[in-house]
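2 protein chains.
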Amino acid sequence: MSDEYEFLTLLRSRIVHDGARGLMDDVAVLPLGETRLVLTSDTIVEGVHYLPADPPADIGWKLAAVNLSDLAAKGARPVGCMLNYALSGDAAWDAAFLGGLHDMLDRHAMPLLGGDTVKMPAGSARSYSLTAMGESRGVVPSRAGAQAGDRLYVTGPVGDAGIGLDLARADPAASGPLVDAYRRPRPRLSEGMLLAPVVSAMMDLSDGLLIDAARMAQASQVAITIDHVPLSPALEKARGASTAVQMAAARAGDDYELLFTLPRGVAPPVRAIPIGHVSSGAGLTLMIDGAAMPLPERLGWEH
Amino acid sequence: MSDEYEFLTLLRSRIVHDGARGLMDDVAVLPLGETRLVLTSDTIVEGVHYLPADPPADIGWKLAAVNLSDLAAKGARPVGCMLNYALSGDAAWDAAFLGGLHDMLDRHAMPLLGGDTVKMPAGSARSYSLTAMGESRGVVPSRAGAQAGDRLYVTGPVGDAGIGLDLARADPAASGPLVDAYRRPRPRLSEGMLLAPVVSAMMDLSDGLLIDAARMAQASQVAITIDHVPLSPALEKARGASTAVQMAAARAGDDYELLFTLPRGVAPPVRAIPIGHVSSGAGLTLMIDGAAMPLPERLGWEH
Chain A
1 MSDEYEFLTL LRSRIVHDGA RGLMDDVAVL PLGETRLVLT SDTIVEGVHY
51 LPADPPADIG WKLAAVNLSD LAAKGARPVG CMLNYALSGD AAWDAAFLGG
101 LHDMLDRHAM PLLGGDTVKM PAGSARSYSL TAMGESRGVV PSRAGAQAGD
151 RLYVTGPVGD AGIGLDLARA DPAASGPLVD AYRRPRPRLS EGMLLAPVVS
201 AMMDLSDGLL IDAARMAQAS QVAITIDHVP LSPALEKARG ASTAVQMAAA
251 RAGDDYELLF TLPRGVAPPV RAIPIGHVSS GAGLTLMIDG AAMPLPERLG
301 WEH
Chain B
1 MSDEYEFLTL LRSRIVHDGA RGLMDDVAVL PLGETRLVLT SDTIVEGVHY
51 LPADPPADIG WKLAAVNLSD LAAKGARPVG CMLNYALSGD AAWDAAFLGG
101 LHDMLDRHAM PLLGGDTVKM PAGSARSYSL TAMGESRGVV PSRAGAQAGD
151 RLYVTGPVGD AGIGLDLARA DPAASGPLVD AYRRPRPRLS EGMLLAPVVS
201 AMMDLSDGLL IDAARMAQAS QVAITIDHVP LSPALEKARG ASTAVQMAAA
251 RAGDDYELLF TLPRGVAPPV RAIPIGHVSS GAGLTLMIDG AAMPLPERLG
301 WEH
């Protein structure tokens, strides 16, 4: 983390283009004629962002999904993407990866336009990058716009993917809705496009509700209180809904729901769960069953 | 090569968007409002595309240069790029890499807009990707437009970078114009913008004159004859100008000059060296000192 923090600090000092949003948002925004290009790029590394035993189709799917989720958080329409691919040396594995990638891309009419293919030296972890471009003709919400008095929402429950990762680690053949949530996340593109014109701030949940809400609070220079950790029926069935389970769900990553704020009195135009509010000040407060919880040292997944 | 060939064949079967140019060109072209976005992405891998002992500033420079060279070949104006970076674990190394990257980007007013930073597992080769975007409001030349009767040109001599790589391999502290040509290539952006409206075909020389000319011939469904292999004074001073030296220069990669064709009678609008001509038929012929040479089995650098 410290390495990455130093590197990003250095990068910020060199990056002066407004479109980079100071590297503080999920995306870059580049005005181009009458439109704005919304840009994001994610790299996934074997053994870091996915398990080596994960099915290749799911790895391809997820690479596409995490990038599309960044576009969803900005209400952008997908227009094209570029792939950087490290050949596996196993043609069937490569074909399955591409199949999963295209399954996800095709669901959102996202064309794959090109990229680069390389071979890694023997024994190296492989990594894959996707750079996704979207188009926005309206407001491109940032994570920095939350205002005191706003209400905080998510588009769905949290924690499923975290439990799914535990299940997949214990048994690569595990299946079911929780494993699916980890391996085949569904980016919220339609919701993002409907929400973008009305939200005060929006971002996707990639690293966990607590850490991502803390980032929104910091970027917006406000305080955020979360008073409800929404759990799915599948999660409650598997683990119950104890304080410890809620706390784990709030720290778990990879959910790819949208986290957003709306002025009080404005109803969300999509299905969403109210989970808290924004006030003046700074920092994050988590209430579970009405009691303020001490925050864990690690709020979520930092990578 | 066979792995990559299979993978690209599979990719082509899945990629139907016109902008991908069938994955047969250096770039993708995406119409967006009144403009066209020209997209390219290159990945460089430690020990494959650069020597682990290469200075980090030169590695960063080269990653920027190879991507900018693809835009140069299409006459595109740089508008932004995204970086995928594998942290080295050494903050000074990372800072030097970024310094070199920005030196090259700044020379062409190319803003770095964002990207992603990852840590690789211990012992893994690191890789870096840059995805570069350019803008074109005119013709975006492809490599497929060469016509029988056209003349063939390059914007500068070939082979310097190949000798520079040999020198750097033998002695990481080597310096001089040939090592510079390998480590700090200069993409031909101004030339590309002036050439784009008039050329019938254009591409950059990344893998070697012979292989890249053969690719142009194949894409254009024509025959190409090269009757002159232009050498720099530095190369001639170091190695002479024997047939073997000319042959090696024609097979060497990493030159990043532009290779282009013009109708007979049209003068190039930039400094360029005539090196051959296009005729009907197929394939590549190489003449050295007036004699047709047998082509080597490996025409250049295939990666």
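Here the protein sequences line up with chains A and B, keeping their order.
Quick note on numbering: the first sequence equals residues 1 to 303 in the UniProt record's numbering.
Quick note on numbering: the second sequence equals residues 1 to 303 in the UniProt record's numbering.
By construction, the Cβ of each residue, glycine as well, lies at the ideal position given by its N, Cα and C atoms.
Helix, strand or coil at residue i according to DSSP, with G and I counted as helix
i                      : result
A:Val158               : coil
A:Glu4                 : helix
B:Asp94                : helix
B:Ser142               : coil
A:Met293               : coil
residue 329 of chain A : One cannot answer for residue 329 of chain A here, as it falls past the ends of chain A, which runs 1 to 303.
B:Leu299               : coil
B:Ala72                : helix
A:Ser136               : strand
A:Leu11                : helix
B:Arg107               : helix
residue 304 of chain A : Chain A is shown from 1 up to 303; residue 304 of chain A falls before or after that span and cannot be answered.
B:Gly80                : strand
A:Ser124               : coil
A:Ser129               : strand
Range covered by the beta strand (DSSP E) that runs through residue i
i        : result
B:Tyr182 : Run containing B:Tyr182: none in the beta strand (DSSP E); it sits in the alpha helix (DSSP H), Pro177 to Arg183.
B:Asp116 : Leu112 to Lys119
A:Pro274 : Ile273 to Ser279
A:Gly265 : That residue, A:Gly265, is in no beta strand (DSSP E); it is neither H nor E in DSSP.
B:Gly283 : Gly283 to Ile288
Assumed close pair residue i, residue j - CB separation to whole angstroms, cut-off 8 Å
i        : j        : result
B:Ala148 : B:Ser280 : 4 Å
B:Pro185 : B:Ala161 : 7 Å
A:Asn67  : B:Asn84  : Going by Cβ atoms, the distance from A:Asn67 to B:Asn84 rounds to 12 Å, so no, they are not a contact pair.
A:Pro111 : B:Gly19  : 7 Å
A:Leu178 : A:Leu235 : 7 Å
B:Thr261 : B:Asp150 : 4 Å
A:Leu98  : B:Arg239 : No, A:Leu98 and B:Arg239 are not in contact; Cβ-Cβ is about 44 Å, not under 8 Å.
A:Leu39  : A:Leu30  : 6 Å
B:Asp166 : A:Gly89  : Their Cβ separation, rounded to whole angstroms, is 29 Å, which puts B:Asp166 and A:Gly89 out of contact at 8 Å.
The segment 177-196 of chain A / the segment 258-273 of chain A touching (three or more Cβ pairs under 8 Å): Touching, yes, given that three or more Cβ pairs across the two stretches are closer than 8 Å.
Any beta strand (DSSP E) of 3 or more consecutive residues that is wholly inside the segment 15-69 of chain B: You should have 28-32 and 35-45.
Touching by the beta-carbon criterion (3+ pairs, under 8 Å), the segment 118-138 of chain B and the segment 249-263 of chain B: No contact exists between the segment 118-138 of chain B and the segment 249-263 of chain B.
Proximal residues, the segment 39-52 of chain B versus chain C, C-beta separation under 9 Å: Checking the listed chains, one finds no chain C in this structure; the protein chains it contains are A and B.
Every unbroken beta strand (DSSP E) inside the UniProt domain "PurM-like C-terminal" (147-257) of chain B [3 residues or more]: The beta strand (DSSP E) runs of length 3 or more contained entirely in the UniProt domain "PurM-like C-terminal" (147-257) of chain B are, from start to end of the chain, 151-154, 201-204 and 223-226.
Cβ contact (3+ pairs, closer than 8 Å) linking the segment 254-265 of chain A and the segment 156-164 of chain A: Of all C-beta pairs linking the segment 254-265 of chain A to the segment 156-164 of chain A, three or more are shorter than 8 Å, placing the two stretches in contact.
Inter-stretch contact (C-beta, 8 Å, three-pair minimum) for the segment 113-123 of chain A and the segment 43-60 of chain A: Touching, no, given that fewer than three Cβ pairs across the two stretches are closer than 8 Å.
Meets three-Cβ-pair contact criterion under 8 Å: the segment 65-82 of chain B and the segment 98-117 of chain B: Yes, the segment 65-82 of chain B is in contact with the segment 98-117 of chain B.
Touch test, the segment 112-121 of chain A against the segment 26-40 of chain A, Cβ-Cβ under 8 Å, three pairs minimum: With a cut-off of 8 Å, the segment 26-40 of chain A and the segment 112-121 of chain A do not count as touching, because too few Cβ pairs lie within range.
The segment 167-184 of chain B / the segment 274-290 of chain B touching (three or more Cβ pairs under 8 Å): Because the criterion of three Cβ pairs below 8 Å is not met, the segment 167-184 of chain B and the segment 274-290 of chain B do not touch.
Three or more C-beta pairs below 8 Å linking the segment 213-227 of chain A and the segment 284-294 of chain A: As far as the Cβ criterion goes, the segment 213-227 of chain A touches the segment 284-294 of chain A, which means the pair count is three or higher.
Touch test, the segment 197-215 of chain A against the segment 128-141 of chain A, Cβ-Cβ under 8 Å, three pairs minimum: Cβ pair count under 8 Å is three or more, so yes.
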